[in-house]
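Trainee: Numbering (my numbering), first residue to last: 964 to 1290.
Note that CB positions come from ideal geometry on N, CA and C, so glycine has one too.
One structure, as structure tokens, below. Some questions next.
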């Protein structure tokens, strides 16, 4: 763990709870796909859970996030209800979007989960729009834009950072650099060694941090979120992590360095965080085991509920397409 300011026990345990729930949710997602219970497109974020856990403990309930199709962990860490999440995964009427969005378009404004997008880089300008609305209304709210390393090569990234800096928007740009953009290794497609270095071109701080280190990630997130909330403008965080599986579920990941992948998986950040919490007497083995078993039960119940839920009615095809007329 980083030799930095260590948050209190409550925050540490909340970070662990969020990351563990995201991990268990992902494990169950892969299980139901593999056993044929729920055929769906799925982009596993396994290995990246510490990042949104550390971000989310620094956010208020009224703060918002915009994420991408590999964003299940971001949504879970922000507090999206599991039954609604799985209802949407299953395409059922109980889902966050009544089953009409699916896994790549999870949205739940009640918990600040404003966007899951399938368009690379589009989370950033939309986060700017939300942040601008907070600024105009003089609200002490922050929006976090999550994206992957490949999105930093998209025009929307550069345009969004430029605009956010000019207007000092309360937004935090979080690049989850998992070393691979789709089927391409980071170094083969990006002209800089560190994406965080690009922040200087737009007059904002750039933080390069080990996204698998809960303490380092917490401090980076706190610095950036406090800055945004205090009206000091945006920050770009590049959180280094590793994607344990291929780009999309079923991808054989032949393009990934096998030795690098094996090392990253052996150094799984969640078991490492778990062991540290026990070693430092922040938690006991039994308390964490009970917690994890409870999470697994919750996820399995949410999946069972989603699988037995009704499909959307046919007339839903014409609903939520256009805004209702105001009389």
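(1) On the three-state DSSP scale, how would you describe residue 1261?
(2) Mind checking whether residue 1202 and residue 1172 have CB atoms under 8 Å apart?
(3) Just to confirm my understanding: we take residue 968, look at its own chain, exclude 5 residues before and 5 after, and list those with CB closer than 7 Å. What are they?
(4) Can you check whether the CB of residue 1105 is closer than 8 Å to the CB of residue 1026?
(5) Within the same chain, show all residues whose beta-carbon is closer than 6 Å to that of residue 1029, passing over the 5 residues directly before and after it, in chain order.
(6) Taking the beta carbon of residue 1232 as the centre, do at least 16 other beta carbons fall within 10 Å, making it buried, or is it exposed?
(7) Do the CB positions of residue 989 and residue 1007 come within less than 8 Å of each other?
(8) For residue 1154, which option in 998, 1045, 1092, 1114 has the closest C-alpha, if you only look at C-alpha atoms?
(9) If we ignore side chains and look at the alpha-carbon of each, how far apart do residue 1276 and residue 1264 end up?
(10) Could you check if residue 1020 is buried or exposed, using at least 16 other CB atoms within 10 Å of its CB as the buried criterion?
(11) Check residue 1171 in the structure and name its three-state DSSP category.
(12) CB residue 1031 to CB residue 1074, shorter than 8 Å?
(13) Quick one: is residue 1084 buried, meaning 16 or more other Cβ sit within 10 Å of its Cβ, or exposed?
(14) Please go through the same chain and pick out, in chain order, the residues whose beta-carbon is closer than 7 Å to the beta-carbon of residue 1017, but skip the five residues on each side of it.
(15) Kindly confirm or deny that the segment 1187-1199 and the segment 1218-1232 touch, where touching means at least three C-beta pairs closer than 8 Å.
(16) Quick check: residue 1081 and residue 1128, are their CB atoms within less than 8 Å of each other?
(17) Might you give, ordered along the chain, the residues of its own chain that have their beta carbon closer than 6 Å to the beta carbon of residue 1124, omitting 5 neighbours on each side?
(18) Residues in the same chain with beta-carbon distance under 7 Å from residue 1139, minus the five sequence neighbours each way, listed in chain order, please.
(19) From what residue to what residue does the beta strand (DSSP E) around residue 1123 run?
(20) Write down the C-beta distance between residue 1071 and residue 1047 rounded to the nearest angstrom, noting that I regard them as a contact closer than 8 Å.
(21) Please classify residue 1262 as buried or exposed, where buried requires at least 16 other C-beta atoms within 10 Å of its C-beta.
(22) Report back the beta-carbon spacing between residue 1212 and residue 1005 to the nearest angstrom; my notes put them in contact at under 8 Å.
(23) Just how far apart, CA to CA, sit residue 996 and residue 1141?
(24) Take residue 974 and list the residues in its own chain whose beta-carbon comes closer than 6 Å to its own, dropping the five residues that flank it on each side.
(25) Buried or exposed, going by whether 16 or more other CB atoms sit within 10 Å of the CB of residue 1100?
(26) Tell me which residues share the same chain as residue 1274 and place their Cβ nearer than 8 Å to its Cβ, disregarding the 5 neighbours each side in the sequence.
(27) Residues in the same chain with beta-carbon distance under 8 Å from residue 972, minus the five sequence neighbours each way, listed in chain order, please.
(28) Alpha carbon to alpha carbon, how far is residue 1214 from residue 1002?
(29) Would you mind reading off the limits of the alpha helix (DSSP H) that contains residue 972?
(30) Note down, one range per segment and in chain order, each alpha helix (DSSP H) of at least 4 residues found wholly within the segment 1070-1107.
(31) List the whole-angstrom C-beta distance separating residue 1188 from residue 1134, where the pair is believed to meet the contact cut-off of C-beta under 8 Å.
(32) On the DSSP letters alone, give me the boundaries of the alpha helix (DSSP H) that residue 1039 sits inside.
Mentor: Looking at the atomic coordinates:
(1) In this structure, DSSP gives residue 1261 a helical state, which the three-state scheme calls helix.
(2) Here residue 1202 is near residue 1172, since their CB atoms are less than 8 Å apart.
(3) Excluding positions up to five away in sequence, the list reads 1182.
(4) Less than 8 Å divides the Cβ of residue 1026 from the Cβ of residue 1105.
(5) For residue 1029, where only same-chain residues beyond five positions count, the Cβ hits under 6 Å are 1077, 1078, 1086, 1089, 1090, 1108.
(6) By the 10 Å Cβ count, residue 1232 comes out buried.
(7) Residue 1007 is positioned such that its CB atom lies closer than 8 Å to that of residue 989.
(8) For the options 998, 1045, 1092, 1114, the alpha carbon positioned closest to that of residue 1154 is the one of 1114.
(9) Taking the straight line from one Cα to the other gives about 24 Å.
(10) Of the other Cβ atoms in all chains shown, 16 or more fall within 10 Å of the Cβ of residue 1020; this residue is therefore buried.
(11) Look at residue 1171 here: in three-state DSSP terms it is strand.
(12) For residue 1031 and residue 1074, no; Cβs fall outside 8 Å.
(13) It counts as buried.
(14) The residues are 978, 1177, 1180, 1181, 1184.
(15) These segments do not touch.
(16) In this structure, residue 1128 does not lie closer than 8 Å to residue 1081 by Cβ.
(17) Excluding positions up to five away in sequence, the list reads 1165.
(18) 1011, 1014, 1109, 1111, 1174, 1202, 1204, listed in sequence order.
(19) Segment 1118-1130 is the alpha helix (DSSP H) holding residue 1123; no beta strand (DSSP E) there.
(20) Confirmed, Cβ separation roughly 6 Å.
(21) Under this definition residue 1262 is a buried residue.
(22) 4 Å between Cβ atoms; contact.
(23) In a straight line, the C-alpha of residue 996 is about 23 Å away from that of residue 1141.
(24) 1020, listed in sequence order.
(25) The residue is exposed, with fewer than 16 neighbouring Cβ atoms inside 10 Å.
(26) Within the same chain, residue 1274 has close Cβ partners 1054, 1055, 1056, 1062.
(27) Around residue 972: 1245.
(28) Looking at the backbone, the Cα of residue 1214 and that of residue 1002 are separated by about 15 Å.
(29) It spans 972-997 - the alpha helix (DSSP H) in which residue 972 sits, taken as one unbroken run.
(30) Runs found: 1086-1099.
(31) About 10 Å separates the two Cβ atoms, so there is no contact after all.
(32) 1035-1041 is the span of the alpha helix (DSSP H), which, as asked, contains residue 1039.
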